[in-house]
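Under the UniProt record's numbering, think of the first position of the sequence shown as 7, with each following residue one higher. All residues carry an ideal CB built from backbone N, CA and C; glycine is no exception. In this text the structure is predicted, and so the values were computed from the model without any measurement.
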Amino acid sequence: STFNFNAGPSALPKAILEKAQNSMFNYKKSGLSVMEMSHRSPLYEEIHFGALNKVRSILSIPEEFDILLLQGGASLQFAMIPMNFLPKDKKAAYLMSGSWSEKALKEARSIGQAYELSTSKDNKYKSIPNPNVEGVEENTAYIHITSNNTIYGTQWPELPKEFGNQPVFVDASSDIFSQPIDWDHVDLVYAGAQKNAGPSGITVVIIRKELMEKANKDIPAILSYSTHAKGDSLYNTPPTAAIYMLGLMMDWLEEHGGINGIQNINEKKASLLYQMIDESNGFYKGHATKDSRSKMNVTFNLPTEELEKEFLNQAKARGFVGLNGHRSIGGCRASIYNGVPFEHVKKLVEFMEEFKSNNA
Ligand code: PLP
């Protein structure tokens, strides 16, 4: 068997893949696969609006927000956000918690003025920075936060709530749909679907409607959030197959107790792994500080690089896929998104125990 711990694109629930095999290639006996339908046909509209409604329902998204299904990945959002919401006479504030925050800030600086509100870089991004609410400068257009840091394996235990009327924008690429979102304290949440919500090719953007009224109008239509909101994310041809899969993933979440149900399972998976790491007498060493640990990406090191290499080799031979750390920091990383079953985490923990007793 294969145990998929890839960081993204990553494991999808087996049940969904089976369902897709049955229904995607001859949708409702129409003789058409989902990939062959016109995106203006009633058949596809059912899939499209179905997916949008299910996303709203799973995350309990209030009516004050629009849900957009876009392309270009989270990386395009790094640029679209400042293009829409960073006027020349204002500055954007970025909370720096890893390389993705750095990329987001860099894009903002290519559009206008942006500053680091706080950073944990001095701590090699092993922890989440203090939000430094007092440091927000006058004339700040918005605050940007990366909720889960895929590479370092850190996650905000809770997003800061103290920013008052400042718009708060969240890159939730690697933890969306894993836990509830408090809509009172965020204004825009975005995420590529390829970790917790389906295949790549689609970016979910959930945006407070009133924000769009104040957005910069002086940009190409395709890069304006309003365009996509007005067009129900059908302004141009959407990634229809990926949206179909997103809908299936929402059904699967519903069947697993909705967002609270999946949060529960995710916590159990993460605790099992972290407990193993903590009780390994230092053989496995967690990369993130305990108060900042991610429930999605568990990063760890072994006593030496040689042992890490051997661990990864043996793991691979046993069917564990994707356990190597990101190329920028090395070490090991187990990504345990929604699609990774508890049993696979158990198998990994068993393997880690065994490897430890053979090599400690
Ligand atoms: N932000 C975070 C937190 C990520 O983990 C990633 C990708 O892994 C990205 C942004 C970039 O996403 P994309 O490849 O969809 O542009």
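How would you label Pro245, buried or exposed, when you count the other beta carbons within 10 angstroms and need 16 or more for buried?
Under this definition Pro245 is a buried residue.
CA-to-CA distance, Ala114 to Pro88, given in whole angstroms
Going by the C-alpha atoms only, they are around 5 Å apart.
Among Pro347, Met86 and Ile64, whose alpha-carbon lies nearest the alpha-carbon of Pro226?
The shortest CA-to-CA distance from Pro226 to any of Pro347, Met86 and Ile64 is the one to Met86.
Measuring alpha carbon to alpha carbon, tell me which residue in Leu259, Leu313, Glu316 and Val192 is nearest Val346.
Of Leu259, Leu313, Glu316 and Val192, the residue nearest in Cα terms is Leu259.
By DSSP, does Ser341 sit in helix, in strand, or in coil?
Strand, per DSSP.
I believe Met218 touches Ala235 by the beta-carbon criterion, under 8 Å. Please report the beta-carbon distance rounded to the nearest angstrom.
With a beta-carbon spacing of about 6 Å, Met218 and Ala235 fall inside the 8 Å limit used to define contacts.
Determine the contact status of Ser298 and Gln83, defining contact as a CB-CB distance below 8 Å.
No.
May I ask which residues mark the beginning and end of the beta strand (DSSP E) holding Asn307?
Taken as a continuous stretch (DSSP letters only), the beta strand (DSSP E) holding Asn307 covers Asn303 to Asn307.
Following the continuous alpha helix (DSSP H) through Gln320, name the residue where it begins and the one where it ends.
It spans Glu311 to Ala323 - the alpha helix (DSSP H) in which Gln320 sits, taken as one unbroken run.
Would you please state the rounded distance, in angstroms, between the beta carbons of Asn270 and Pro186? I believe it to be under 8 Å.
That belief does not hold up - the Cβ atoms of Asn270 and Pro186 are roughly 11 Å apart, past 8 Å.
Have a look at Gly56 and Gly253 and give me their C-alpha separation to the nearest angstrom.
Taking the CA atoms as reference points, Gly56 sits about 7 Å from Gly253.
Segments assigned beta strand (DSSP E), at least 3 residues, entirely inside the stretch 58-119
Taking only runs of at least 3 residues, the beta strand (DSSP E) segments lying wholly in the stretch 58-119 are 71-76 and 97-102.
Any heavy atom of ligand 1 inside 7 Å of the beta-carbon of Ala80?
For Ala80, the shortest separation between its Cβ and any heavy atom of ligand 1 lies below 7 Å.
Can you check which of these residues, Arg324, Leu318 and Phe175, is closest to Asp190 by C-alpha distance?
Among Arg324, Leu318 and Phe175, the Cα nearest to that of Asp190 belongs to Phe175.
What did DSSP end up calling Asn28 once you bin it into helix, strand or coil?
Judged by DSSP in its simplified three-state form, Asn28 adopts helix.
So does Asn154 have its beta carbon nearer than 7 Å to some heavy atom of ligand 1?
Result yes, Cβ under 7 Å from ligand 1.
What number of angstroms, rounded off, separates the C-alpha of Lys112 from the C-alpha of Ala80?
Cα-Cα distance, rounded: 14 Å.
Sort out for me which residues DSSP pairs Gly14 with in a bridge.
None; Gly14 has no bridge partner.
Where DSSP assigns a beta bridge to residue 2, which residues make up the other side?
The structure shown has nothing for residue 2, since the chain only spans 7 to 366.
Taking 7 Å as the cut-off, is the C-beta of Trp189 nearer than that to any heavy atom in ligand 1?
Because no heavy atom of ligand 1 lies under 7 Å away, the Cβ of Trp189 does not count as near it: no.
Which two residues bound the contiguous alpha helix (DSSP H) that contains Phe175?
Premise fails: Phe175 lies in the beta strand (DSSP E), Val174 to Asp177, not in any alpha helix (DSSP H).
Cβ of Gly204 within 7 Å of any heavy atom in ligand 1?
No, since every heavy atom of ligand 1 falls outside the 7 Å radius drawn around the Cβ of Gly204.
Please state whether the Cβ-Cβ distance between Gly198 and Ser179 is less than 8 Å.
For Gly198 and Ser179, yes; Cβs fall inside 8 Å.
Stretch-stretch touch, CB-based, cutoff 8 Å, three pairs: the stretch 209-216 with the stretch 70-78
Yes: at least three Cβ pairs fall under 8 Å.
My parser needs the alpha helix (DSSP H) runs of 4 or more residues fully inside the stretch 239-273; what are they?
The qualifying runs are 246-261.
Check: Ser180 C-beta below 7 Å from any heavy atom of ligand 1
At least one heavy atom of ligand 1 lies less than 7 Å from the C-beta of Ser180.
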